[in-house]
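Right, one structure below, let's go through it.
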Amino acid sequence: MRRVLVTGLGGAGRTTVAAATALAAAATGRRTLLLSAEADAVLGVPVTGTPARPARIADGLWAGLVDAGADFRAEFLDLQERASAGLDLLGAARLEDEELTELPGSDQFALLRALTVASRGDWDVLVVDMPPLRETIALLALPEQLRRYLRRLLPAERQAARALRPMLAQLAGVPMPAQWLYETAERWDTELAGVQSVIESGSTALTLVAEPGPAAADALRAARAGLGLFGHRVETVVANRCVPEGSEDPFVASLAAQQERCRQEWVATWIPAGSVCLLPHLGRDPRGLDDLARLQKEANRCSFAHAFAEDPEGYDLDGLVAAPHGDLEGPRPGPGRGRRQEWITPLADTDTVRHDRDGEIPTEPEPDGDGTLVWHLGLPGAVKEQLTLVRRGDELLITVGPFRRILPLPSALRRCTVAGAGLKDDTLSVRFTPDPALWPRAR
């Protein structure tokens, strides 16, 4: 299954582009599913299906509505049922389905669950209408972050056998965590692991939508490093609502020239890693399948035209490989370990830089000529002034502008001290020196 996550700037037409992308995929004979929370207006028909049971919209195209309210009620009632024993001891009054309203943030979890459910289906292409770009980056990082929190707060290895729990509680003088709490945490971790595997899959790619202009250029430039930090592969940048060139109207001509300058910058920035697509301004808000088909037909240099072909040049639909940042060797750091914190300074240029594929972190560092180990991480668009590194035990905390990620170090680097770091040619290189006290002594 190929997954296309459509995001971009707020108000740039993400839902329209997602629907047009899904329609283009369906036109090639591929079974296509569109997931969206608000695709009714764009499609011109009400979407009554769900991610698990989508409704047919056109030949080869199905759509499922992401309903945050229904998802929240179902998950809350399930959790309430699992915790029923503890709630009964407290004399709590059960909440009913009719009195539940979703909380802020429920839509994010609903979208992640919908993505997981749809990925289990028999679809050739899955197109997802995502939130705005900054929110999408944070949303896609959520499974990895929550799994880390669960491991730290409720480590599985600290669970006591059921038979020993009363005795341990008496000896410790405090109640032991209830078994249902660990079971719930384990279930959440399993679900989050499934979402994370979908996000990090090589068959998952992002489409960015923006209306070309100075503000959009600045926003995409700022988000590019965040996308690289989390290893997301951007397949297409869609320049939406492009006005025609050659107009005699000075206002339209000036706007067209400004859009062209922005598009040229995007071409230089995102190609060859991805493609840049131009979609025309229809003079109105697109509505219905006819308008979407017109956008598809008039698209220029767009993935709509070639990415869903039987054998598209430059694309390998069945063999996309992009090793995610999360695939690192060695056990995860456990609680109580690695309290040592180390600031990595200075960020000076280095000549020992190796370029990797976009979105890849090598599982083992490469040796440098002077005996140090160098770990390389692609950070396209990052600038030295906005980059902060902190070594904390077995983890590396990387902050690029407003984005932060905590990465577990490969096993070899956990026995090293930091010798320095450098940023050059969109690649961060961190140099490590083996710690003699932690490495086996040669006999």
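Under the working numbering, the first residue of the sequence shown is numbered 173, with each subsequent residue one higher.
Note that the Cβ used here is the ideal one computed from N, Cα and C, for glycine as well.
Annotation: the continuous alpha helix (DSSP H) that includes P422 extends over P422 to W442. With respect to the C-alpha of R174, the residue from E420, A198 and H453 having the closest C-alpha is A198. Per DSSP, A240 is one residue of the alpha helix (DSSP H) stretching across A240 to R254. Boundaries of the alpha helix (DSSP H) harbouring S291: S278 to S291, taken from the DSSP string.
When rounded, the separation of the alpha-carbon atoms in A584 and V602 is 13 Å.
Residue range E567 to V572 is occupied by the beta strand (DSSP E) that includes L569. Note that the C-beta distance between D566 and L549 is not below 8 Å. For D301, the enclosing beta strand (DSSP E) has its first and last residue at V297 to P304. In the DSSP assignment, E470 falls within the alpha helix (DSSP H) that extends over L461 to E470.
Its Cα nearest to that of L600, the residue L568 stands out among P606, L568, C588 and P608. Taking a contact to require three or more Cβ pairs closer than 8 Å, the segment 545-563 and the segment 366-383 do not qualify as touching.
Taking 8 Å as the cut-off, the Cβ atoms of I570 and L401 count as close. Cβ contact annotation for L237 (same chain, cutoff 6 Å, sequence separation greater than five): V219, in chain order. Distance check between W360 and each of A428, P315, S369 and A440 places P315 closest, using alpha-carbon atoms only. Each of R577, T544 and V546 was checked against the Cα of T560, and the nearest Cα belongs to R577. For L275, there is no enclosing alpha helix (DSSP H), as DSSP marks it with neither H nor E.
If the five residues before and after T193 are omitted, its C-beta is found closer than 7 Å to the C-beta atoms of V176, V178, V299, T379 and F476, all from its own chain and listed in chain order.
Taking 8 Å as the cut-off, the beta carbon of A211 is found no closer than this to the beta carbon of D294.
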